[in-house]
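Residue numbers (UniProt numbering): 1 to 186.
Virtual Cβ for every residue (Gly too), placed ideally from N, Cα, C.
Please read all numbers here as calculations on a predicted model, not as lab measurements.
What follows is a set of notes on a single structure, which appears directly below.
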């Protein structure tokens, strides 16, 4: 055989593929991805079970009063106060979503399309600050409004990001002023 024919024969044999092994690897990888997803889901459900003692979230009063501030943006989750990675998933607080916040004299109303709404009464507010991260979400410095509030026996940090980041400072100042006024009235 001529060298050209030998090279052509080697090239044809090199293109032969073991399809059974290839399909086996693809199926194995797909099963591994499904297994990892299942483990993450079970961990989420287990965390919710561990936090099952969290009381029901308050709802907004029928007449909360006139709106002092409003903000539209994203709700990034809630954590145990001071522990930005200890996500609270019970009662739907772990679900990230769009959010509409309204500050009234009665408190902060959080309306979340596609997730459960909740209300933070003015008496439960403990502080507000600008931060850069909560529940595994890290943003630029001051890119997140974190509201600390008491619910049952727990202090909770809830993180919000406005569609207009310039609103964060105004919200933090208004909330802290409301808290100092409320504490003075007690």
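query                                                                                                                                                                         : result
Which value, in whole angstroms, describes the spacing of the CA atoms of residue 199 and residue 86?                                                                         : Given a span of 1 to 186 for the chain in the structure shown, any question on residue 199 remains unanswerable.
Determine which residues share a DSSP beta bridge with residue 149 and list them.                                                                                             : 125, 156
In angstroms, rounded to a whole number, what distance separates the CA positions of residue 63 and residue 76?                                                               : 27 Å
If we call anything under 8 Å between Cβ atoms a contact, is residue 149 one with residue 120?                                                                                : yes
So, for residue 102: in the same chain, excluding its five sequence neighbours on each side, which residues have a beta-carbon less than 6 Å away from its beta-carbon?       : 67, 70, 109
Since I believe residue 122 is in contact with residue 106 (beta carbons under 8 Å), could you give me their beta-carbon distance rounded to a whole number of angstroms?     : 6 Å
Where DSSP assigns a beta bridge to residue 22, which residues make up the other side?                                                                                        : None; residue 22 has no bridge partner.
With C-beta atoms as the reference, is residue 31 less than 8 Å away from residue 154?                                                                                        : no
Can you list, in chain order, the residues of its chain with a C-beta nearer than 6 Å to that of residue 48? Leave out the 5 residues immediately preceding and following it. : 89, 90
CB residue 157 to CB residue 97, shorter than 8 Å?                                                                                                                            : no
Secondary structure at residue 109, three-state DSSP: helix, strand or coil?                                                                                                  : strand
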